[in-house]
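Asker: Protein chains in written order, with the working numbering: chain A, 25 to 457; chain B, 25 to 457; chain C, 25 to 457. Let me begin by handing over the structure; questions about it come next.
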């Protein structure tokens with residue numbers, strides 16, 4: 025809903041998502057929760073986001089979006105976008121980092137309830153300044169202006185920004201050190217309005233980040249069932265040069281849609297202690313390693329009812345809204361996904377003294393952090409109308425490592441086992457407008 | 025305020041309540057606060073709730089309502105209600121649990137500043153799915169559709185839902201175990217449009233819940249003056265079959281109004297420890313008891329200025345809004361209430377070894393948890409207009425147990441005393457629209 | 025944006041401020057952060073405030089304003105204002121305390137990114153009741169009614185209220201003791217509509233507070249670069265008679281503007297312990313002192329582009345909004361400020377036993393709390409239009425005390441050093457509407 029007043033506008037929008045997670049085959053007598061056993065079947069609000077957005081004086085867009093879900097309140101978006109020049113707009117504030125493609129897709133348009141693994145290695149929401157520009161195909165039609173910071177589909181677009189720099193998967197509210205992070209992305213739909221129908225909806229690009237975080241706290245990573253599968257050791261910090269590279273693409277051809285993304289992430293992890301000296305207490309790296317992580321994701325979907333598959337906006341627009349009294353059923357979409365994430369071997373380095381019987385994992389304990397996770401998912405989405413979507417996914421994730429073994433006395437042994445395969449039915453009821 | 029656009033609507037609404045609590049006769053030299061002495065006279069915001077609600081595509085209602093009062097931010101409502109069929113609508117999300125009648129009355133329509141004791145034994149806001157239907161009197165006029173999940177007055181209505189299952193008085197955001205809770209309610213206004221004027225506004229019904237919580241954390245209960253009067257022992261958990269039964273009624277006849285409710289609640293309380301074993305650390309019940317609690321409430325009120333007393337919506341609608349320049353005074357309502365709550369004796373079981381001089385209360389310490397509380401209240405409400413209400417209540421609550429006695433050295437003795445009678449003047453300034 | 029419906033109105037408004045703090049000359053090898061060294065250069069959201077405000081039934085204004093910035097969510101405003109009589113309106117709820125003048129200026133109209141030191145000795149947002157009235161010049165024109173609780177410029181205005189009573193700089197949500205605080209303020213624009221153009225925009229007044237807090241927790245004070253420069257000892261409490269006096273003025277003459285304020289604050293600080301006795305555990309003052317603090321601030325500014333300098337509302341209104349395509353540049357303002365704060369010597373009293381080598385600071389440790397801070401700032405504000413402002417400040421603050429010295433073993437010595445001079449470039453991007 026929108027009220028218009030010349031060059032001013034204000035919209036109140038919102039997204040409500042209620043999720044239901046049911047885990048099967050998760051009662052195998054292993055240690056509760058920590059090894060992937062005894063997971064809680066759960067009804068919960070995944071996203072509750074009243075959104076305020078608008079334009080002042082024709083050229084300045086702004087947006088405020090908090091989230092009240094998951095038992096906490098967090099700010100996701102709060103920015104001003106000075107769009108005087110379409111080739112060089114300047115956004116300032118808190119918004120989605122221009123790195124992972126799937127992250128840039130609206131949460132209400134997602135094909136599966138949770139995004140693939142590559143988004144977890146990328147920054148989530150970051151604070152800073154971003155220069156961005158969108159260009160039309162030379163000689164082609166002008167793309168209509170949208171309110172979004174990231175517009176799809178545009179012939180060519182770039183974003184380059186300086187940010188506080190979050191750790192992987194991080195959503196930060198202030199910097200904990202002087203170092204800032206550069207994030208950049210280019211993306212193109214080269215065949216837009218080209219007449220080659222099959223590839224008009226093909227977009228690809230590459231994004232990346234470069235920074236030098238200092239004593240930054242470590243992230244955790246979660247399974248598609250929202251269970252923590254990787255946590256760093258408590259004394260570990262991200263400290264030193266960090267970069268990410270994200271080749272990315274999507275392709276929509278009529279009812280068919282494909283999203284693919286690859287992620288390379290390198291960071292330095294330090295084992296830190298505090299030392300005293302003439303300059304007072306200071307942190308010191310006792311040891312450190314370089315960690316290389318990789319992830320990829322490929323998602324394919326098909327709209328059975330024939331509507332166009334889309335990446336942007338709030339997703340698929342059914343030709344006819346569901347109305348049982350008029351025999352209209354909305355749109356049905358089926359989808360499949362394969363996604364994988366691998367963590368560097370040296371993040372599991374045992375730093376115990378030679379001869380010690382008990383391992384000391386200074387960076388990550390392989391009994392609490394998986395080395396690899398592979399997920400495949402199948403899903404059905406019923407778009408009752410443009411604003412209401414019911415989703416049902418089956419998601420299966422198998423792991424290497426990540427689990428401990430207890431002896432008869434209930435003591436944790438040195439053995440590293442595989443976390444139990446996660447088999448989850450996840451459904452969602454969504455209203456988004 | 026509402027903007028209409030065919031089958032779509034969006035309303036921004038809100039409730040602001042500022043409360044003032046003044047306690048009298050609360051400086052008797054007993055231990056501060058814990059025994060009901062030295063209570064803080066307090067100005068505070070009781071509810072601050074901007075509310076976003078609307079309809080999309082004619083048949084789907086939604087609502088988002090956070091609360092910013094009491095120094096914290098919590099989500100109260102976030103749901104979608106698929107109302108294609110009036111006899112069988114499906115709501116999904118977080119909303120008021122269909123158990124206690126007084127809970128279902130809007131916070132802005134309440135007769136007294138705080139609800140009676142029965143609501144404390146019921147779930148507050150729960151997450152899940154609820155099927156509900158409303159039916160008109162056969163041959164009678166059609167009740168106009170409202171945006172509310174719970175509609176009053178309807179000839180007959182039912183709600184049945186499956187929820188995460190909160191503990192008593194709980195407002196949860198996710199499940200801590202697999203077990204779900206069934207909640208159901210039926211309610212009728214059998215004499216609606218019957219021509220028997222005295223009982224047209226009589227509604228009654230029954231509600232209940234059934235579940236099997238596992239290792240759930242314990243609730244606390246508060247006095248009408250918002251002081252904690254009952255807390256469980258720290259190792260106590262709600263663990264095992266739990267049910268509630270809530271016969272309920274209200275009756276409005278012109279300016280006269282009556283609300284009555286009875287609550288029976290049974291739950292199993294366990295004294296838990298953690299044990300180690302082949303399957304890792306697990307909780308174990310060292311001992312357990314069955315707890316039966318009872319509460320009831322009866323509230324009567326009368327609108328001196330003659331307007332109709334109502335249960336639903338935002339409350340009484342004055343014939344003339346207060347306007348001192350035109351000699352209009354709004355509406356005045358007087359009210360009285362009697363409410364009581366009793367806790368099972370066995371929740372105060374002393375599990376100390378025979379012969380021990382010091383009691384061990386594994387479930388609830390009778391020096392920190394009352395056995396019984398009885399409240400009577402008198403109130404005057406001045407409805408300046410439909411949206412602004414000033415309330416002034418006197419509330420007196422007497423207790424059995426709940427207080428400790430200290431010896432001359434300042435040590436807590438084994439003696440159980442009665443918590444001091446709470447005498448509170450509570451006033452409220454409310455704007456709600 | 026506003027929707028009008030007779031005597032009802034509802035506005036959705038908002039303020040977004042993204043700040044960037046860069047500290048220079050802050051790497052001098054001193055203990056990190058605690059002494060003012062190694063400060064984090066930081067992009068952060070300073071204010072993110074969706075605001076809901078309106079009027080019901082012509083005479084009752086209300087407002088709800090939470091803030092989602094700084095990684096937390098807090099309620100700032102939530103009140104009802106019963107404005108039946110312009111000479112005696114009654115506000116109830118949470119709102120800005122009527123003490124510091126600069127506090128009453130809207131956050132979006134500020135000349136510098138942070139307010140001067142006097143505001144830190146005043147209550148911030150308090151909860152209670154306030155009677156207030158505004159009067160026109162006898163025979164003069166009637167000032168148009170505004171939605172704000174505090175209106176500028178009015179010929180004469182008074183506010184007098186009873187509040188929970190926050191500590192200095194405090195923003196509270198409930199009272200921790202019975203004692204309430206009286207806050208009052210008078211303010212006048214005596215030459216308004218007088219024909220003496222130079223002084224028509226001169227306003228001055230005086231405000232103050234009087235209360236008797238009991239065991240209240242202590243505040244902290246921050247530098248203009250948002251770094252903590254003063255913290256009390258952990259066992260210190262504000263306990264006993266407290267008053268504040270705030271002479272205050274501002275003067276606008278065409279593009280020139282001046283704001284000046286002086287603050288005197290007296291409070292009693294106690295060193296508390298808990299003792300046991302017949303009445304159970306109670307706090308006791310082991311020792312106590314009277315603390316007198318002083319602060320002042322003078323801010324001058326000039327609008328280079330000739331627009332009127334204003335104190336009220338959202339600030340300066342450029343004659344022409346920035347539009348590079350039409351050669352319009354908006355408004356430019358330059359500003360300078362001098363501000364100072366001094367803390368009582370006796371708050372740094374050493375209560376160690378005679379002969380002890382190690383000092384015991386029961387109220388405030390001079391190695392963690394400065395005795396004096398002096399700030400000067402220069403700033404440039406570019407008002408692109410009435411709703412968008414870019415700010416760039418240089419702020420330099422020098423300190424007496426506030427820093428510790430470490431010996432070669434890294435132990436804190438008894439020596440008190442001066443906290444490092446803070447040299448900060450602070451910029452802001454603001455959208456406010």
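By construction, the Cβ of each residue, glycine as well, lies at the ideal position given by its N, Cα and C atoms.
For the stretch 302–335 of chain A, enumerate the residues whose C-beta is nearer than 9 angstroms to any C-beta of chain C, in chain order.
Answerer: Under the 9 angstroms Cβ criterion, the stretch 302–335 of chain A contributes 302, 303, 304, 305, 306 and 307.
Asker: Distance cutoff 7 angstroms, beta carbons only. Does residue 394 (chain B) sit that close to anything in chain C?
Answerer: On the second chain, position 370 is the one that residue 394 (chain B) refers to. So, not an interface residue.
Asker: With three or more C-beta pairs closer than 8 angstroms as the rule, is the stretch 162–171 of chain A touching the stretch 304–321 of chain A?
Answerer: No, because fewer than three Cβ pairs between the stretch 304–321 of chain A and the stretch 162–171 of chain A fall closer than 8 angstroms, the two stretches do not touch.
Asker: Going by alpha carbons, who is nearest to residue 13 (chain B) out of B:163, B:250, B:180 and B:145?
Answerer: Nothing can be reported for residue 13 (chain B): it is not among the residues displayed for chain B, which extend from 25 to 457.
Asker: I'd like the list of long-range same chain contacts for residue 323 (chain A), defined as Cβ closer than 6 angstroms, with 5 residues on each side in sequence excluded.
Answerer: The count along the first chain starts at 1 and reaches residue 323 (chain A) at position 299. Same-chain partners within the cutoff: 135, 283 and 361.
Asker: Would residue 253 (chain B) pass as an interface residue toward chain D - the criterion being a Cβ-Cβ separation below 7 angstroms?
Answerer: Protein chains A, B and C are contained in the structure displayed, whereas chain D is not.
Asker: Measuring alpha carbon to alpha carbon, tell me which residue in B:305, B:220, B:124 and B:407 is nearest residue 277 (chain B).
Answerer: Locating residue 277 (chain B) in the second chain gives position 253, counting from the first residue. The shortest Cα separation from residue 277 (chain B) among B:305, B:220, B:124 and B:407 belongs to B:220.
Asker: On a Cα-Cα basis, can you pick out the residue from A:126, A:377 and A:301 that is closest to residue 137 (chain A)?
Answerer: By 1-based counting over the first chain, the position of residue 137 (chain A) is 113. Nearest option by C-alpha distance: A:126.
Asker: State yes or no: is the beta carbon of residue 445 (chain B) nearer than 7 angstroms to at least one beta carbon in chain A?
Answerer: Along the second chain, one-based indexing puts residue 445 (chain B) at 421. Taking Cβ atoms only, chain A never reaches closer than 7 angstroms to residue 445 (chain B), which makes this a no.
Asker: Closer than 7 angstroms between beta carbons: that is the criterion. Which residues of the stretch 73–85 of chain A meet it against chain C?
Answerer: Cβ contacts with chain C: 76, 80, 81 and 84.
Asker: On the DSSP letters alone, give me the boundaries of the beta strand (DSSP E) that residue 93 (chain B) sits inside.
Answerer: As a first step, residue 93 (chain B) must be located in the second chain, where it is residue number 69. It is not in any beta strand (DSSP E) - residue 93 (chain B) carries neither H nor E in the DSSP assignment.
Asker: Residue 431 (chain C): buried (16+ other C-beta within 10 angstroms of its C-beta) or exposed?
Answerer: Within the third chain, residue 431 (chain C) is the residue found at index 407, counting from 1. Residue 431 (chain C) is exposed by the Cβ-count criterion.
Asker: Please identify, using Cβ separations under 9 angstroms, the residues of the stretch 185–208 of chain A that lie next to chain C, in order along the chain.
Answerer: Residues 186, 187, 188, 196, 197, 198, 199, 200, 201, 202, 203 and 204.
Asker: Given the structure, does residue 95 (chain B) come close to the ligand ATP, in the sense that its CB is under 6 angstroms from one of the ligand's heavy atoms?
Answerer: Absent from the structure shown: the ligand ATP. Ligands present: none.
Asker: Could you please give the first and the last residue of the uninterrupted alpha helix (DSSP H) stretch that includes residue 142 (chain C)?
Answerer: As a working mapping, residue 142 (chain C) is identified with position 118 in the third chain. Residue 142 (chain C) -> alpha helix (DSSP H) spans 142–145.
Asker: Put residue 25 (chain A) into one of helix, strand or coil per three-state DSSP.
Answerer: For the purposes of this step, residue 25 (chain A) is taken as residue 1 along the first chain, with counting starting at 1. Note on residue 25 (chain A): pLDDT 46, under 50, position unreliable in the model; no value is reported.
Asker: If residue 186 (chain C) sits next to residue 163 (chain C), beta carbons under 8 angstroms apart, how far is it from one beta carbon to the other, in whole angstroms?
Answerer: For the purposes of this step, residue 186 (chain C) is taken as the residue at position 162 of the third chain. For the purposes of this step, residue 163 (chain C) is taken as the residue at position 139 of the third chain. Actually they are not in contact, since the Cβ atoms of residue 186 (chain C) and residue 163 (chain C) sit about 34 angstroms apart, beyond 8 angstroms.
Asker: By the criterion of Cβ-Cβ separation under 8 angstroms, what are the contact partners of residue 69 (chain A) in chain B?
Answerer: Taking the first chain and counting its residues from 1, the one referred to as residue 69 (chain A) is at position 45. Within chain B, the residues near residue 69 (chain A) are 99, 102, 117, 118, 151 and 197.
Asker: From residue 39 (chain A) to residue 414 (chain C), what does the alpha carbon distance come to, in whole angstroms?
Answerer: Within the first chain, residue 39 (chain A) is the residue found at index 15, counting from 1. Within the third chain, residue 414 (chain C) is the residue found at index 390, counting from 1. So the two alpha carbons sit approximately 32 angstroms from each other.
Asker: Are there three or more Cβ pairs, one per stretch, closer than 8 angstroms when the stretch 230–246 of chain A is compared with the stretch 196–204 of chain A?
Answerer: These segments touch.
Asker: Quick one: what's got a C-beta closer than 6 angstroms to residue 199 (chain C)'s C-beta in the same chain, skipping five residues either side?
Answerer: Position 175 of the third chain holds residue 199 (chain C). Cβ neighbours of residue 199 (chain C) beyond the five flanking positions: 188.
Asker: Within 7 angstroms (strictly less), CB to CB, does residue 88 (chain B) reach chain A?
Answerer: Locating residue 88 (chain B) in the second chain gives position 64, where the first residue counts as 1. Closer than 7 angstroms: yes.
Asker: Please list the partners that residue 345 (chain A) has in chain B, where partner means a Cβ-to-Cβ separation under 8 angstroms.
Answerer: Residue 345 (chain A) sits at position 321 when you count from the first residue of the first chain. By Cβ distance, chain B contributes 81.
Asker: Can you name the residues of chain C whose CB is closer than 8 angstroms to the CB of residue 300 (chain A)?
Answerer: Position 276 of the first chain, counted from the first residue, corresponds to residue 300 (chain A). Simply 430, 433, 434 and 435.
Asker: Is it buried or exposed, residue 165 (chain B), if we count other Cβ atoms within 10 angstroms and call 16 or more buried?
Answerer: Position 141 of the second chain, counting from 1, holds the residue named residue 165 (chain B). Looking at its Cβ environment, which holds fewer than 16 other Cβ atoms inside 10 Å, residue 165 (chain B) is exposed.
Asker: Closest by CA to residue 369 (chain B), which one among B:389, B:179 and B:352?
Answerer: Reading the second chain from its first residue, position 345 is the one you call residue 369 (chain B). The option with the nearest alpha carbon to residue 369 (chain B) is B:389.
Asker: Could you give the DSSP three-state label for residue 360 (chain C): helix, strand or coil?
Answerer: Within the third chain, numbered from 1, the residue matching residue 360 (chain C) stands at position 336. Residue state, collapsed to three classes: strand.
Asker: Measuring only the C-alpha atoms, how far is residue 140 (chain A) from residue 248 (chain A)?
Answerer: Reading the first chain from its first residue, position 116 is the one you call residue 140 (chain A). Reading the first chain from its first residue, position 224 is the one you call residue 248 (chain A). If I take the Cα positions, the gap works out to 8 angstroms.
Asker: If you count every other CB in all the chains shown that lies within 10 Å of the CB of residue 340 (chain B), and 16 or more means buried, which is it?
Answerer: Locating residue 340 (chain B) in the second chain gives position 316, where the first residue counts as 1. With 16 or more other Cβ atoms within 10 Å, it is buried.
Asker: Classify residue 369 (chain A) as helix, strand or coil using the three-state DSSP reduction.
Answerer: Locating residue 369 (chain A) in the first chain gives position 345, counting from the first residue. DSSP places residue 369 (chain A) in helix when its eight states are reduced to three.
Asker: Which chain B residues are close to residue 370 (chain A), counting only those with a beta carbon under 9 angstroms from its beta carbon?
Answerer: To locate residue 370 (chain A), count along the first chain from 1; it is residue 346. Result: empty, since nearest Cβ-Cβ is about 28 angstroms, beyond 9 angstroms.
Asker: In chain B, what lies closer than 7 angstroms to residue 108 (chain C) by C-beta?
Answerer: As a working note, residue 108 (chain C) is residue 84 in the third chain. Going along chain B in sequence order, the residues near residue 108 (chain C) (Cβ under 7 angstroms) are 348.
Asker: Name the residue from A:212, A:358, A:395 and A:354 whose alpha carbon lies nearest to the alpha carbon of residue 372 (chain A).
Answerer: Here residue 372 (chain A) corresponds to residue number 348 of the first chain, with the count starting at 1. When each option's Cα is compared against that of residue 372 (chain A), the closest is A:395.
Asker: Count the other C-beta atoms from every protein chain shown that fall within 10 angstroms of the C-beta of residue 96 (chain B), then say buried if there are 16 or more, exposed otherwise.
Answerer: The residue given as residue 96 (chain B) occupies position 72 in the second chain. Exposed: under 16 other Cβ atoms inside 10 Å.
Asker: Measuring CA to CA, which of B:196, B:253 and B:156 is closest to residue 211 (chain B)?
Answerer: Locating residue 211 (chain B) in the second chain gives position 187, counting from the first residue. With distances taken between Cα atoms, residue 211 (chain B) lies closest to B:156.
Asker: Who are the Cβ neighbours of residue 154 (chain A) in its own chain at under 6 angstroms, not counting the five residues just before and after it?
Answerer: If you number the first chain from 1, residue 154 (chain A) lands on position 130. Once the five neighbours on either side are set aside, the close Cβ partners of residue 154 (chain A) are 115, 183 and 185.
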